[in-house]
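So the structure is just underneath, and the comments pick up after that.
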Amino acid sequence: MTEAIVEYRGVSKYFAGIRALEGVDFKCRPGSVHAILGENGAGKSTLIKIMAGVLQPDAGTLLMEGKEVSFAGPQAAVNAGIVCMFQELSLIPDLSVADNISISSPPRRFGLIDRRAQVSRAEELLARVRCEDVDPNALVRELSLSRRQMVEIAKALGRNPKVLILDEATSALTARDVRTVYGLLGELKDAGVASLFISHRMHEVEALCDTLSVFRNGRHIETFQKGEKSEREIVRLMIGRDVDAQFPPKPDRTGEASTTEPILEVTGLKWGNRLNGIDLSLRRGEIVGLGGLDGQGQKELLLALFGVLKDVEGDVLIGGQKGLPSSPATAKNAATRMALVPEDRKTEGLMLDMSIADNLLVSSFGKISRGPFIDPGRAAAEIRKGIAKLQIKIGSADDPVMTLSGGNQQKVVLAKWLMIDPDIILLNDPTRGIDVGTKQEIYRLMRELANEGKAILFYSSDYAELIGCCDRVSVLYGGQVVSEQSGDGITEESLVAASLNIGVEAA
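Residue numbers for the sequence shown follow our numbering, beginning at -13 and rising by one.
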């Protein structure tokens, strides 16, 4: 059998006495695509951060190509051929794409950075990841999240890795870009590169990976080859128990649409060339999905409704009152009571350096204040209630929110907005990049909130979520609603056909 390119022997890591990894033995081999599976908090991030030189183990040995190694920092790991793409993008928004791609080793001429060579190198790498549409001179902050992720991949390939670590690298990508990543990983496998692939999307693991390792509670549970275990068996290994039904049951809403007044009604909503006459309605107690291929106006619709976008045209009724919110502050006020869980929790939903408590309270200061001053007793009570309702796993509420796992960070974002007791909840891909157990908790929470009379508008790029969670689904194509499906009529076949605008008349 081929010698392992990276091997752990008895590796342990603790944070303030709390186990992150304990006695881990683990190997990955060249020319493989190796999945690392586990719930958030299972130890996956600690495993790869040690491999990438970000963290030092408290015990155990790390070997590379059979030789014991110890990386003083990330650059030392890169120099040895280990390149990591973390879930948090490393790009600098106010630098150009070309600057970001070559930031650690720019081409030089006469001791100075050779700008022409740098742009040429960026063009070659962008072409390799099928991103010829990205201008190497464009600032990263001007790019969509999906394009930024592809630039991150181009940057990683430019470092000529022996081991490439991808932490939820496809979670923000369009379907076309996901196919590109599949092809790239195949090319790297043929070239002898070992790819470590962390994803909570089991269909991607099945499509890409030849070897799977499961971690739970900081321990390596088992490594096996693809096809040896069913998806249900894998999930059981991940969570340590049998899997419940993934989606909670939906109530019977037969005839309800004709008898219940909408809490949100949108007619002819337009914005630039992204929204081209959106018509939809939302009633208390229901979850309405936004389907369609990525980039068809779903995200802009949510932003428009929350008062983020300017110069939006069309008619909107919220609770019988006419007019769009003029700003997010107006959207969340007592008259409108709307909340938005954004696409990217790390840059749009959280203040990572601030405490868990501060993040939980930031949307509800009016609720916890007496005059101009925050009431400490009210604040503490709201924090306890939010943590308990979402079952957020924390050490202390005073810890920085960045210390939490991705799933628990997303719970903080949800809890923050639930503190204002919203009537309308806008969700922008809320389960992106979180584990199967936390996904199920969020699905149950969504249905509980709907059963309490909340109205939920839910964008997801995952057809299974739309089918399993939603009472109705409005499919968007070209900035218009081209199909509305409900009940048993929400199927993968019908969603795919409508997403491609096949056999569907444009609205």
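C-beta: ideal position from N, C-alpha, C; glycine also. Keep in mind that this is a model prediction, so the values were computed, not measured.
- Here L400 really is in contact with V327; their C-beta atoms are around 6 Å apart, less than 8 Å.
- Looking at the backbone, the Cα of L288 and that of I99 are separated by about 43 Å.
- Under the three-state reduction of DSSP, M324 is assigned to strand.
- For F210, the three-state secondary structure derived from DSSP is strand.
- Judged by DSSP in its simplified three-state form, I220 adopts helix.
- Excluding its 5 nearest sequence neighbours in each direction, L481 has C-beta neighbours in its own chain below 6 Å: G277 and Y449, listed in chain order.
- If one requires a minimum length of 4 residues, the alpha helix (DSSP H) runs lying completely within the segment 415 to 472 are 422 to 437 and 449 to 455, in chain order.
- For M50, there is no enclosing alpha helix (DSSP H); the enclosing beta strand (DSSP E) covers residues A45 to M50.
- Collapsing the DSSP output to three states places P386 in a strand.
- When DSSP states are grouped into helix, strand and coil, E299 belongs to the strand group.
- Three or more beta-carbon pairs drawn from the segment 198 to 212 and the segment 19 to 29 are found closer than 8 Å, and the two stretches are therefore classed as touching.
- In this structure, the straight-line span from the alpha carbon of A366 to that of V164 is close to 43 Å.
- Beyond the five residues adjoining it in sequence on each side, K35 comes within less than 7 Å, by CB distance, of L41 in the same chain, given in chain order.
- If you draw a straight line from the Cα of R102 to the Cα of R127, it is about 22 Å long.
- Your pair L346 and I360 does not check out as a contact, with CB atoms roughly 13 Å apart and the cut at 8 Å.
- Cβ-Cβ distances below 6 Å link E(-7) to K13 and L49 in the same chain, with the five nearest sequence neighbours on each side left out; the list follows chain order.
- Excluding five sequence positions before and after G(-4), the CB atoms of its chain that fall closer than 8 Å to its own CB belong to G9, V10, D11, A45, G46 and T47, given in chain order.
- The criterion of a C-beta distance shorter than 9 Å is satisfied by G392 and I420.
- When only Cα atoms are considered, V179 and K148 end up about 5 Å apart.
- One thing to note: L431 has its Cβ no nearer than 9 Å to the Cβ of F444.
- Look at D80 here: in three-state DSSP terms it is coil, with no helix or strand label.
- Around the C-beta of N414, 16 or more other C-beta atoms lie within 10 Å, and the residue is accordingly described as buried.
- Taking C-alpha positions only, T389 is separated from G254 by approximately 43 Å.
- By the criterion of at least three beta-carbon pairs nearer than 8 Å, the segment 73 to 88 is in contact with the segment 134 to 144.
- Collapsing the DSSP output to three states places D361 in coil.
- If you look at T246, you'll find it isn't in any alpha helix (DSSP H); DSSP assigns it neither H nor E.
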